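See structure below.
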Amino acid sequence: MTVLRGLRVVDMTEVLMGPATAMYLRLLGAEVIRIDTEARQRQQRYPAFNAGKRNAQLNLKHPEAIALLGRLLALSDVCIYNMRPASAERLGLDYESLVRFNPQLIVLSESTSGWDGPERDYTGYAPVFAALGGVSAVSGYPGYPPCDNPFWPDIESANWGLLALLGALYRRDLTGHGAFLDLSAREALSLYSIEGWVESWATGQSPQYVANARPGVSPGGVYPCAGDDKWVAISITTDAEWAALTEAMGSPELAAGSEFATPAAREARREELNDLVSSWTGQLSVMEVVEELQRRDVPAAPSSSASDLLGSAHLWDRGFFTVPSAAGPNDSAIILTPPWRLDGVGVEETWGIPAAGQDNDYVWSQLVGLSKSDLAELQRSGVIS
Amino acid sequence: VTVLEVAEEVGGCFAGWILARLGATVLRVEDSREDRGARGTGKPLSTYLNQGKRTIAVDLASRDGRSLVRQIGSTWPDVLLAEGQPAFVDRLPPYDELARDQSRLIYVTVTPFGRTGSWSQYRATSHEVMHASGAAYLQPSGPAYAQHPELPPLSWPGVAPEVTVGVHVAIGVLAALIRRRRVGRGAMLDISKQECLTTSVRNSVESYARDNEVEKRESHAGTGRQGPFSHYPLSGTVRCRDGFVTLWGVTGFIAPLLAWLGHEDWFARPEWSDDKRRGEQADSLRGELETEFQRFDKETIYHGLQRRGIGVAPMRKPDELFSDRQLAARGFFTYEPDSAGRSVPFCRLPFVGLPQIVGQGTAFHGSGAADPVLHHALGCSEPDVQALVDAGVLSVEEGI
């Protein structure tokens, strides 16, 4: 039993954010029909986000497309798109138009700024969401410009879209009501700077972030290890952790002496301590440091690259990665399972990345009920293309 | 939906905050011996995230304290949310024990690396988890960092990693609630903070699995020369008169950008008009752009270029969100007085279309020992609650 088996989702999304939300619905067991064109398929940069979805073509700019889409939506539960509200309105995808096809439909719009307000049609990508959300201005190293924060804000916004959808599905189970969910990605990212704006409201001062350093944590940060670009993250907040670290370093006298005896003293001499820790970690491999410290109950972990993650026995043992058995030449070699795995949630055996229009027959003939000749005519006239 | 939240750090606390916004009744149990993380008594963020929750404090290391949590957990909640270090979660009654009495219970554990696997007992703050996830390895990002690959990987700022965790926990709870309606039974959810954060950079991990090329910080620099930004030449952070903007676009944005700057003629120059050359000479062109942007403040650039369809944004500081006209127009913050008459910025979830409980009524925990929700959760009346308080087994927060 999968959570959303029997649910049908029409996915009209592009780039990263929208496809990611729809991907999670597929991982939860829903049937996801991606509406595509050959041009959009060629531009697809993140094919793994479409794994396991069906793919049907429809040229949404064609005047006859909306009626055909409506016939599909009448048989569906959820519709997702991530485009500017003005573009959605131009294509006839506003909620008032779509709900006529299916009163119980749940429509999720993911956009930069939402459907209201003076900036509703401003455009954006992940770095725009992070900049407007107050995240980028406080990211980066002192003395350098702020970070751009690409990609991850798209996926975080997608998570909020999924949360809204699951909330609406739960509510529909209880009440029978559909919904129009209007997600603003800049609002989503505003919650990642919540500490900053809450503290500035409460105390009149925003917290100052200094790279990997944190108040009350010393030594603490990221330290170089043997090898190319290998780093270990360590946090010392208590006297016991400090004593354990000095023991691991082979310098217990540091803990015994008075100069670093208290957290305040260690914080005051942060740079000096960082040098001492770095000179120890630099002699060892990152996992030697991690294991030495974790054995002593000290928080420590490698700063992992994608390659490190795929080499992690821990993650493989937990089933976090899945290898699709029926992958084609353009398919993803692995798929990450969701971090909230329930019984039956996950990747099914045949989990390829669909080609544009590979499910045209299934969607437009079997589901919607077009005859073969009607389908051929709509393909010829460019409605299905 | 009733939620028993036993959370040590911000991630679990944030998940409870989301569920409370969506209408759940949340009873938060704090460890009376702890004074760290989300409990961090007096910290503005923990106070903020406890809006709308009932809160009690018990000694989770004592027999009486654990017995009380077991008593509540086996009868009252739909969801038991246990978040913290492995040793903290180990102190709570296990799922099997509670599910014997309540098969519909959804029991969620949230730990740094999950409850199974060789790292399951590893301790980690959100800093270690962030680095272990692969997300820090791609930071710092931006053109200024392209020449500095020696800088170490960098965590996201503040509690951002814990916010990610909280969102995934709330998603897991909602998925489990939907499943419970269909199959009639609860579930055990084992959520790893590391996996929550790795999911945020899943495109990088999946790309590596396909192409065998590791994305690094310098390939996230937006130089237009390499990595995933090769199709975004000139994109990235640009300094302007009063700060920074981030500028994003593909080929089509150059002509309108130059037109807005009053330099349409530059487009005739091969290095500006040709994709390949623009990538090759990105550093010098960025210098020209930065000189031009010095004429303007970030808000002028933002509105001027956005009206031409260009993806640009001012890098706003967190406290500048309160004066963001778009957030104001959409009612993202609503302001109401607290018990001291001070205006509190209540914040809704980042979407509209579902009922949310925001503002009036969320600022107070209830009415202490007289709170009927507490009587229901504990299965006893006000005098019995008071007796537990008097015996030192629990303390009841009166409100914020």
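So the protein sequences, as listed, match chains A and B.
Under the numbering used here, the first residue of the first sequence is numbered 112, with each subsequent residue one higher.
Under the numbering used here, the first residue of the second sequence is numbered 1117, with each subsequent residue one higher.
Ideal Cβ positions, reconstructed from N, Cα and C, are used throughout, including at glycine.
Nothing here was measured: the structure is a model prediction, and the numbers come from that model.
Taking residue 247(A) as reference, the option from 1332(B), 1262(B), 1124(B), 1353(B) with the minimal CA-CA separation is 1353(B). Between residue 467(A) and residue 166(A), the CB-CB gap stays under 9 Å.
Residues of chain A with a Cβ closer than 7 Å to the Cβ of residue 1330(B) are, in chain order, 416, 417, 418. In this structure, DSSP gives residue 1304(B) an extended state, which the three-state scheme calls strand. Annotation: the continuous beta strand (DSSP E) that includes residue 291(A) extends over 290-295. When Cβ-Cβ separations below 9 Å define contact, residue 287(A) makes no contact with chain B. Per DSSP, residue 1235(B) has no beta-bridge partner at all. Against chain B, a Cβ distance below 9 Å from residue 357(A) picks out nothing, because the smallest value is about 17 Å. Counting only the Cα atoms, residue 1294(B) lies some 6 Å from residue 281(A). With its beta carbon less than 9 Å from one in chain A, residue 1322(B) belongs to the interface. Around the C-beta of residue 404(A), 16 or more other C-beta atoms lie within 10 Å, and the residue is accordingly described as buried.
The beta carbon of residue 1417(B) sits no closer than 9 Å to any beta carbon of chain A. For residue 168(A), the enclosing beta strand (DSSP E) has its first and last residue at 165-168.
Comparing C-alpha distances from residue 391(A) to each of 362(A), 133(A), 485(A) shows the shortest one belongs to 362(A). Within the region 329-355 of chain A, the runs of beta strand (DSSP E) that reach at least 3 residues and sit entirely inside it are, in chain order, 331-335, 342-346. The Cβ-Cβ distance between residue 453(A) and residue 1303(B) falls below 9 Å. Annotated three-state conformation of residue 1161(B) is helix, per DSSP. At a cut-off of 9 Å between C-beta atoms, residue 1195(B) does not count as an interface residue with respect to chain A. With contacts defined as CB atoms closer than 9 Å, residue 1372(B) and residue 1421(B) qualify as a contacting pair. Taking 9 Å as the CB threshold, residue 191(A) stays off the interface with chain B. With 16 or more other Cβ atoms inside 10 Å of its own Cβ, residue 1200(B) counts as buried. Under DSSP, residue 1123(B) shares a beta bridge with 1199(B). Judged by DSSP secondary structure, residue 411(A) falls within the beta strand (DSSP E) whose first and last residues are 411-413. Secondary structure at residue 1229(B): coil, using DSSP grouped into helix, strand and coil.
With a 10 Å radius around the Cβ and a threshold of 16 neighbouring Cβ atoms, residue 260(A) comes out buried. In the structure shown, residue 488(A) adopts helical secondary structure according to DSSP, grouped into three states. Taking C-beta atoms as the reference points, residue 338(A) and residue 415(A) fail to come closer than 9 Å.
Proximity of chain A to residue 1267(B) at the Cβ level (cut-off 7 Å) is accounted for by 252, in chain order. Closest in alpha carbon position to residue 144(A), among 483(A), 323(A), 334(A), 465(A), is 465(A). Taking a beta-carbon distance threshold of 9 Å, residue 421(A) counts as an interface residue toward chain B. Annotation: the continuous beta strand (DSSP E) that includes residue 1141(B) extends over 1141-1147. In the DSSP annotation of this structure, residue 186(A) is not part of any alpha helix (DSSP H), being labelled neither H nor E. Assignment of residue 1258(B) by DSSP, reduced to helix, strand and coil, places it in the coil class. Where residue 1173(B) is concerned, there is no enclosing alpha helix (DSSP H), although the beta strand (DSSP E) around it starts and stops at 1170-1174. Listed as beta-bridge partners of residue 1194(B) by DSSP are no residues whatsoever. For residue 479(A), there are no neighbours in chain B by C-beta distance under 9 Å, as the nearest C-beta there is about 27 Å away.
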